[in-house]
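A.B. asks:
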Amino acid sequence: MPLLPLHARRFFTRHAAPGVENLPAKTERPAPADRWRDVPSVPLSAPLERFTPSDRWRSPLGWVGGALLLVGSLADPAAAAKKLSIKLGPVQSSVQLSDLQHYAKTGDVQGSLRGYRLLLSPSLQSTLQSSIPLDPNAGHRLVKDLLSSSAGDRLLTALERVIPNGDRKMLQLALTRAATHTNGLSLLGFLQEFPAPEVVLDLTAVASLTSQMNLAYWQSQALTSILERELTVPEAAPFHAELDPTRPGTHWVRQQSLVFRDYERARTIPVDLYWSYRTTGPLIVISHGFGADRRFLGYLARHLASYGFAVAALEHPGSNVAWITEITQGRTRGRHGTDLLPSQEFIDRPHDISFLLSELDRLNRHSTLLRGRLDTQQVVVIGHSLGGYTALALAGARLDLPNLRQFCNSPERVALSIADWLQCTAADLPDELPDLRDRRVARVMLLNPVIGRLFDEESLAKIRIPTLIVSGTSDAVMPAVSQQLLPFTQLPADSKLLLTVIGGGHLSVGDPENLNQALTHSLFMREQGDRETEALRQLLKGISLSFVKQLTPDARHYKPFLSAEYVQSFSTATLQLRLNAQLSEKLSNWLQMAALPLEQMTSSAQPQPRQYVRTQVAGTGITVLLAGLPLVVFVLPGYLSSSVNRVLRRKGQPGRANLSGQSQSEHSQPGHSQPGQSHRLHSERADGELTDRPAHAGIADADSKDLEEADRS
1 MPLLPLHARR FFTRHAAPGV ENLPAKTERP APADRWRDVP SVPLSAPLER FTPSDRWRSP
61 LGWVGGALLL VGSLADPAAA AKKLSIKLGP VQSSVQLSDL QHYAKTGDVQ GSLRGYRLLL
121 SPSLQSTLQS SIPLDPNAGH RLVKDLLSSS AGDRLLTALE RVIPNGDRKM LQLALTRAAT
181 HTNGLSLLGF LQEFPAPEVV LDLTAVASLT SQMNLAYWQS QALTSILERE LTVPEAAPFH
241 AELDPTRPGT HWVRQQSLVF RDYERARTIP VDLYWSYRTT GPLIVISHGF GADRRFLGYL
301 ARHLASYGFA VAALEHPGSN VAWITEITQG RTRGRHGTDL LPSQEFIDRP HDISFLLSEL
361 DRLNRHSTLL RGRLDTQQVV VIGHSLGGYT ALALAGARLD LPNLRQFCNS PERVALSIAD
421 WLQCTAADLP DELPDLRDRR VARVMLLNPV IGRLFDEESL AKIRIPTLIV SGTSDAVMPA
481 VSQQLLPFTQ LPADSKLLLT VIGGGHLSVG DPENLNQALT HSLFMREQGD RETEALRQLL
541 KGISLSFVKQ LTPDARHYKP FLSAEYVQSF STATLQLRLN AQLSEKLSNW LQMAALPLEQ
601 MTSSAQPQPR QYVRTQVAGT GITVLLAGLP LVVFVLPGYL SSSVNRVLRR KGQPGRANLS
661 GQSQSEHSQP GHSQPGQSHR LHSERADGEL TDRPAHAGIA DADSKDLEEA DRS
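Residue numbers (UniProt numbering): 1 to 713.
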């Protein structure tokens, strides 16, 4: 859910009639050696501005640094509070905010800061200098909307404990005023806008909250050696096979960008379709994570299509990178237009795929060039992160709102992971939920999925289709123990596989061409570099192909590649790879024990003071604040470059997407229609200008006459 990916900066390059494919006409088949090498490049519109939390977020800041961090990433002098009082038990001392501001600007320690010289460091100075770039005209509304949400309520509850002399109105005022500063939302800006002569910071409360940050991630880290030992298969002969499923197939891949308009739900669904003239077998649908887009797994789509499968990589308009862009610019409209992640997105995402399958089925029946090439009755869904949830919902898992709400609102739930914030968004859904299952889905492959709190054991036990889960033990966004390993034990025993990447992070599976490499240094990603994760991506090519091939007559030829020996053969010094159909009883017990602190760490037979209880409920809001606004940790670490924003604002220019209009927007507001209702393919010229871009060299420009004629009929 990862700074802005490269593909978001080139977005769409020319108009196409939405809903009518522009497919290549005459083309020449490239030489086999050149087929995958000479991919035409797309020039970038502007260099991406870099913003990385870097080591300053990870190195110890001392009590003062940690305390300041937890107040928020919330710069510009504004006139209210003049000093910061630091309280530790009965001891309280003060520093002048002017001295703190001088230190942030120059690094010079003067006046009231001299007594804290040993606690000051370059990393703290860098933290004080950091700000979240917001449009001053939109920042006020953005923060106001956040604070009016359930996550904002939890944030304010935590801040009331950390800053005991501030009530909710004072905190809201300081945050909203700081958001209007010309150089963005910053910590100093928040402190200076606090409407009182001083800001009192309770270090005891800060320490309590700090100790709870992302416990699930650290539990996964602690289990790494156990997982490596328990999941390893006995030594066997080196794996050999005549086939190599990681090599490109023999089919000539075409890539076609489409736009479908769901008028019932007011959503525009962009899709990249990868196919060949000899396409056969099940249709593959790829669902991206929060804040990403349809090209996050582009390399995997091209690989599968080269073996003759049709692959549809869609974009979810309420949780993609374009949606986040609109949020940061304050230009969204509609009932859900101010939510960073609308709770309705947990319903709309599965509906997006069901709607897409119905539209592709129409093309399969009526399109001249695609007729008979899209098997929409036998579908494999591959989902990353929030896309993993989407795939499981389509497979039949149901949301467990009562247990989810209990977790999100209980003072005993203190695991402040990003996954918890993401899941608690769904707690705002109404009690009556539609059935999201789509029986056309035959298999699901979940990459670093968010599962843990969304579905209960009974719901997961109802999954009746083969499920493959990929889990990374160094995933700080979706911690492995709570989000994948424990849920895996609850799936039916006869139709599941677990691929554990010991040392893998949240973005390790992503396409390097579509990721900004600055993410490898960010606070929450903790990613290894491209070279270190290349073996994993090669393995994913082979294992995903073999997983899909089980629905074809070639199943027995590819079955050996779904083995522990094959997966383990890809292990490297930095990534140990394991494949298991079951977990040992010993390991299952370890996982259950590891989960106990998340549920019971602060449990007590004695009633807790109300102030303490309220602090615990606020955890996920603090995570949002620490990551920056917005918290787009799946593709963006809380920052959108101004150059990209300028690109996304342009309208009517060749090679740009027009993203401003609500009714025709790629990120239109979610609605409430059910799959299976009457939908129309968008047949007018859309605002999103799409490109028919070849998957590799040698593919000519598109010719849409055949499909236009078919669509008119």
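We put the CB at the ideal spot given by N, CA and C, even for glycine.
1) Can you grab the Cα-Cα spacing for the pair E532 / L498, in whole Å?
2) State the CB to CB distance for the pair G542 and E527, rounded to an integer number of angstroms; the pair is presumed to be in contact (CB under 8 Å).
3) Can we say the stretch 426-439 touches the stretch 339-355, given the rule of at least three CB pairs closer than 8 Å?
4) Does E359 pass the burial test, meaning 16 or more other C-beta atoms within 10 Å, or should it be called exposed?
5) So, does the stretch 223-234 touch the stretch 310-319, judging by three or more C-beta pairs under 8 Å?
6) I need the DSSP call for Y274, collapsed to helix, strand or coil.
7) Whose C-beta lies closer than 7 Å to the C-beta of G111 among residues of the same chain, with five residues either side of it excluded?
8) Can you give the beta carbon distance from S306 to P248, rounded, assuming they're within the 8 Å contact cut?
9) Could you give the DSSP three-state label for P402: helix, strand or coil?
10) Tell me whether the beta-carbon of P449 lies closer than 9 Å to the beta-carbon of Q483.
11) Tell me the residue span of the beta strand (DSSP E) that contains D262.
12) Work out the CA separation of S474 and L575 for me, nearest whole Å.
13) Could you tell me the boundaries of the alpha helix (DSSP H) in which K559 lies?
14) Quick one, which of Y566, L374, Q592 has its alpha-carbon nearest T232's?
15) To the nearest angstrom, report how far apart residue 751 and E264 are at their CA atoms.
16) By Cβ distance below 7 Å, which residues in the same chain neighbour C408 in space, the five residues on each side in sequence not counted?
17) Roughly how many whole angstroms lie between the Cα atoms of R439 and R537?
18) Leaving out five residues before and five after N580 in sequence, what residues of the same chain have Cβ atoms less than 8 Å from its Cβ?
19) So, at 8 Å on beta carbons, what are the nonlocal neighbours of R278 in its own chain, with the 5 sequence-adjacent residues on each side left out?
20) Note down the Cα distance separating A535 from T572, rounded to an integer number of angstroms.
21) By the DSSP assignment, the beta strand (DSSP E) with G472 in it spans what residues?
22) How would you label K586, buried or exposed, when you count the other beta carbons within 10 angstroms and need 16 or more for buried?
23) Roughly how many angstroms lie between the CA atoms of R254 and V441, to the nearest whole one?
24) Looking only at C-alpha atoms, which of P270, L392, V91 sits nearest to T467?
25) Would you kindly check if the distance between the Cβ of A480 and the Cβ of G472 is under 9 Å?
26) Tell me the DSSP secondary structure of G383 in three-state form.
27) Following the continuous beta strand (DSSP E) through Q96, name the residue where it begins and the one where it ends.
28) Within a Cβ cutoff of 6 Å, which residues of the same chain sit near V470, ignoring the five residues on either side of it in sequence?
29) Over the uninterrupted alpha helix (DSSP H) stretch that includes R168, give me the two end residues.
30) In this structure, how does DSSP classify E532 when only helix, strand and coil are distinguished?
31) Any idea what DSSP makes of D348, helix, strand or coil?
32) Among all the DSSP beta bridges, which residues are the ones paired with I284?
33) Considering only their Cβ atoms, is the gap separating S569 from K559 smaller than 9 Å?
34) Put I226 into one of helix, strand or coil per three-state DSSP.
35) Who does N320 pair with in a DSSP beta bridge?
36) In chain order, what residues of the same chain lie with their CB nearer than 8 Å to the CB of L357, ignoring the 5 residues before and after it?
C.D. replies: Answer, in terms of the structure:
1) 21 Å
2) Between G542 and E527 a beta carbon distance of about 22 Å is seen, past the 8 Å cut, so the two are scored as non-contacting.
3) yes
4) So E359 counts as buried.
5) Cβ pair count under 8 Å is below three, so no.
6) strand
7) By the criterion of a C-beta distance shorter than 7 Å, G111 is surrounded in its chain by Q96, D99, once the five residues flanking it on both sides are discounted.
8) 5 Å
9) helix
10) yes
11) Residues 254-262.
12) 10 Å
13) Element bounds for K559: n/a, residue is neither H nor E.
14) Y566
15) Limits of the chain in this structure are 1 at one end and 713 at the other, which puts residue 751 out of reach.
16) C424, A427
17) Straight-line Cα distance between these residues: approximately 29 Å.
18) L231, L497, L498, T500, A564
19) H251, G308
20) Cα atoms of A535 and T572: separation of roughly 8 Å, rounded to the nearest angstrom.
21) 467-472
22) exposed
23) Distance between the alpha carbons of R254 and V441 is about 24 Å.
24) Nearest of P270, L392, V91 to T467, Cα basis: L392.
25) Cβ distance < 9 Å, so G472 and A480 count as in contact.
26) strand
27) Counting along the chain, Q96 sits inside the beta strand (DSSP E) bounded by residues 91-96.
28) If we look at V470 and ignore the five residues flanking it on each side, its Cβ neighbours are L447, L499.
29) 168-178
30) helix
31) helix
32) V311, V380
33) Going by C-beta atoms, K559 is not nearer than 9 Å to S569.
34) helix
35) A292
36) L283, V285, T376, V379, D438, R440
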